[in-house]
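Per our numbering, the sequence shown runs over residues 261 to 451. Scroll down for the structure; my scribbles are underneath it.
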Amino acid sequence: VIPKFKTAVVKFDVAFPYGEKHEQYAQIAAATKNSHDLLVAEVRVKDYGNKDNSDLVARYKIKSETFPAVLLFLQGKTEPIPFVAEKETDFTADNIKRFIKMKSGVYLGLPGCEILNKAKVFEETLPETQRAAAKVYVKTMERILERGDVFVQTEQTRIEGILKGKLSNEKKRTMEEKRNILHSFLYRDEL
Numbered sequence: 261v262i263p264k265f266k267t268a269v270v271k272f273d274v275a276f277p278y279g280e281k282h283e284q285y286a287q288i289a290a291a292t293k294n295s296h297d298l299l300v301a302e303v304r305v306k307d308y309g310n311k312d313n314s315d316l317v318a319r320y321k322i323k324s325e326t327f328p329a330v331l332l333f334l335q336g337k338t339e340p341i342p343f344v345a346e347k348e349t350d351f352t353a354d355n356i357k358r359f360i361k362m363k364s365g366v367y368l369g370l371p372g373c374e375i376l377n378k379a380k381v382f383e384e385t386l387p388e389t390q391r392a393a394a395k396v397y398v399k400t401m402e403r404i405l406e407r408g409d410v411f412v413q414t415e416q417t418r419i420e421g422i423l424k425g426k427l428s429n430e431k432k433r434t435m436e437e438k439r440n441i442l443h444s445f446l447y448r449d450e451l
């Protein structure tokens, strides 16, 4: 089954999992149910009786003390990539989704990011005269997701530096428009 998907994330856990980590993983499955590139699966392991799935635990060198263990399988790669939570509190749906996105490139919207997909669709419907600005908005949103809020500040500094140089009137207008769009993403402290 796994080779049919670009990416598969698999949680290895006790036979009857419960608790916060189990609920966090369930959120990933719910949030990605419409993704055609990602399979979210769970392998429940018994350490008694016929010891179901103990062969998989041995194959991937997982210790039962580390349950739940999350492995990321990428199409074309033979070895999975383990998700490592530095602290117990790091085992969250958002952190696992970031891990999946970072290691696989599969887009998984984090809370509040739904608008990016809508913006991409909307961009295509705009007249050519507005499409360039829409592309800047979409690209800025993507960069903020990749690099965090620091992107806006560093990009603004970069654009200011370019504007200080010699530019054609057209290039200057384009850079000023980019700067204006960036301003809409700046955090404003309302206190």
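The C-beta atom is built at its ideal place from N, Cα and C for all residues, glycine as well.
Using C-beta distances below 8 angstroms, list every residue in its chain close to residue i, excluding the 5 sequence neighbours before and after it, in chain order.
i	result
residue 345	351, 355
residue 436	423
residue 449	In this predicted model, residue 449 has a pLDDT of only 46, less than 50, meaning its place in the structure is not dependable; the value taken from the coordinates is given anyway. There are no such residues.
residue 376	369, 398, 401, 402, 405
residue 439	416, 419, 420, 423
residue 353	284, 285, 287, 288, 291
Considering just the uninterrupted stretch of the alpha helix (DSSP H) at residue i, what are its terminal residues?
i	result
residue 281	280-291
residue 302	No alpha helix (DSSP H) contains residue 302, which is instead part of the beta strand (DSSP E) from 298-305.
residue 437	429-443
Below 6 angstroms CB to CB, which residues in the same chain sit around residue i once its five sequence neighbours on both sides are set aside?
i	result
residue 341	332, 363
residue 271	285, 302, 328, 330
residue 411	403, 404
residue 306	275, 312
residue 396	438, 441
Quick check on the DSSP output: the beta strand (DSSP E) that includes residue i runs from which residue to which?
i	result
residue 411	Careful: residue 411 lies outside any beta strand (DSSP E), inside the alpha helix (DSSP H) at 410-424.
residue 317	Counting along the chain, residue 317 falls outside any beta strand (DSSP E), though it belongs to the alpha helix (DSSP H) covering 314-319.
residue 271	267-274
Quick one: is residue i buried, meaning 16 or more other Cβ sit within 10 Å of its Cβ, or exposed?
i	result
residue 290	exposed
residue 328	buried
residue 273	buried
residue 330	buried
residue 293	exposed
residue 386	exposed
residue 326	exposed
residue 265	buried
residue 269	buried
Leaving out the 5 sequence neighbours to the left and right, which residues in its chain are closer than 7 angstroms to residue i when beta-carbon positions are compared?
i	result
residue 408	none
residue 446	412
Touching or not, the stretch 403-421 and the stretch 380-394, by the rule of three or more beta carbon pairs under 8 angstroms?
Output reads no: the stretch 380-394 does not touch the stretch 403-421.
Within the chosen definition, does the stretch 277-286 reach the stretch 310-325 through at least 3 CB pairs nearer than 8 angstroms?
Note that the stretch 277-286 does not touch the stretch 310-325; fewer than 3 beta-carbon pairs, one per stretch, sit closer than 8 angstroms.
Runs of 4 residues minimum, wholly inside the stretch 335-402: which ones carry the alpha helix (DSSP H) assignment?
Note on the stretch 335-402: whole alpha helix (DSSP H) runs with a minimum of 4 residues are 353-364, 374-385, in chain order.
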